[in-house]
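Residue 66 in the working numbering sits at position 3 of the sequence shown, and the numbers go up by one each step.
Even glycine gets a Cβ: it sits at the ideal position worked out from N, Cα and C.
Below is one structure; the comments refer to it alone.
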Amino acid sequence: MSWYDPGEPILSPVKQIESKYPGMKVPVLPARAVVFCLGKGMPVLKEHYPCRQLMEKLPGFITHSEVLGIEGNTDVCFLHGGYAAPQIACTVETLHILGVKEVFLIGLCGGFAGHLSVGDIILPDKVWSEEGTSRHYLEDPGFAQVTPPFSFETLAAFFQRKGFRVFREPTVTTDAVYRQTYGKEQFWRDIGCAAVDMEASALINLCNLYGIRNAVALMVSDKHPLSENDPSWQWGNAKYGDMLIRYILDCIAFCTGKE
């Protein structure tokens with residue numbers, strides 16, 4: 064049975080916005096939104112840049128973050144997009160209504176390909192959907208195709224100049240973190256995927272549905288064992304904290320043209 068139903072929804076982002084701003088003019092956001100799907104994104108932004116608040120809180124059914132801009136730059140807004148597919152879908156629905164035309168997801172992933180190391184950056188051109196949210200928008204999501212506003216080569220070259228190892232490979236999005244079995248990850252490798260996150264495919268699918276250009280950057284935060292005989296899973300490494308901050312700052316610089 065397909066989960067997809069093209070009928071009108073009972074709840075909508077427009078109604079949520081009208082509820083948040085009754086009788087008021089709905090704000091219009093900058094055309095480019097940088098969406099952090101990691102905890103340190105907004106704190107690092109506020110620590111290193113003079114920011115102004117564009118919205119106290121992005122309206123929506125699920126709790127969302129404030130929306131910030133950088134002083135002197137009116138072209139880009141920044142927000143925490145949330146965790147997992149349902150929340151990122153709610154975020155994209157609202158950004159679409161508020162006038163956003165480009166979305167750049169800055170996130171993390173678990174690497175399950177042998178050549179990956181913690182701190183590597185993956186720029187997927189497509190993301191396999193194993194989350195349920197996309198199935199309410201599309202009958203058979205399969206691979207979500209990234210439609211970037213800039214070339215993969217431009218972004219890859221930028222990160223390489225900053226000293227990162229960069230890979231352009233498919234990834235997968237799941238919404239069942241504790242059901243990532245050895246057999247499941249082998250299947251993902253068999254279809255060409257190298258790492259897993261919890262938001263990207265839903266974001267891409269909704270952006271494509273609404274004509275929003277989209278890009279995804281994922282830093283490998285942890286390396287998965289490839290078999291039960293490998294060393295057990297662990298988060299990050301000794302240099303991970305510093306690499307994460309550098310990654311966030313470099314993403315901000317790229318998106319604001321301050322590289």
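Using CA atoms only, rank isn't needed, just tell me which of the options is closest to residue i.
| i | options | result |
| --- | --- | --- |
| V77 | P233, M118, V190, P122 | P122 |
| M105 | Y273, G144, G255, R231 | G144 |
| H127 | Q79, A94, T234, K247 | Q79 |
| T319 | P69, V97, D238 | V97 |
| V139 | E119, A152, F167 | F167 |
| K83 | D68, C100, K120 | K120 |
| N268 | V283, Q297, L201, L281 | L201 |
| G182 | R115, G304, F317 | G304 |
| G174 | F317, Q297, A316 | Q297 |
| E81 | N292, T157, R95 | T157 |
| C270 | T244, H111, P211 | P211 |
| G177 | F141, N292, L101, P288 | P288 |
| S264 | L179, A152, C314 | A152 |
| E134 | K109, P294, H199 | K109 |
| D253 | W191, Q150, S284 | W191 |
| E194 | L312, G102, L266 | L266 |
| M282 | A94, G246, L307, P85 | L307 |
Could you tell me the distance, in whole angstroms, from the CA atom of residue i to the CA atom of residue j?
| i | j | result |
| --- | --- | --- |
| G162 | L92 | 6 Å |
| A258 | V235 | 6 Å |
| A147 | K88 | 30 Å |
| E262 | V240 | 12 Å |
| R309 | V209 | 24 Å |
| F215 | R231 | 8 Å |
| M118 | G132 | 9 Å |
| P233 | I169 | 16 Å |
| G205 | C114 | 39 Å |
| I275 | R228 | 28 Å |
| S290 | L101 | 27 Å |
| D203 | W66 | 9 Å |
| V107 | E129 | 14 Å |
Using DSSP bridges, identify the partner residues of residue i.
| i | result |
| --- | --- |
| M282 | L171, I184 |
| A239 | Looking at the DSSP assignment, A239 forms no beta bridge with any residue, so it has no partner. |
| T234 | V190 |
| A96 | C140, V166 |
| V229 | I184 |
Hey, quick one: how far does the beta strand (DSSP E) through residue i stretch, first residue to last?
| i | result |
| --- | --- |
| M118 | 114 to 118 |
| S192 | 189 to 193 |
| I133 | 130 to 133 |
| F206 | 206 to 208 |
Which first and last residues belong to the alpha helix (DSSP H) in which residue i is found?
| i | result |
| --- | --- |
| L108 | 104 to 111 |
| A316 | 303 to 319 |
| S264 | 263 to 272 |
| T217 | 215 to 224 |
| P76 | 76 to 83 |
Helix, strand or coil: which one does DSSP assign to residue i?
| i | result |
| --- | --- |
| H159 | helix |
| Q297 | strand |
| F141 | strand |
| A257 | coil |
| A152 | helix |
| V89 | coil |
| R276 | strand |
| S65 | coil |
| T244 | coil |
| F124 | coil |
| S197 | helix |
Run the proximity test for residue i: is its beta-carbon closer than 6 Å to any non-hydrogen atom belonging to the ligand SAH?
| i | result |
| --- | --- |
| I315 | Because no ligand of any kind appears in the structure shown, any question about the ligand SAH cannot be addressed here. |
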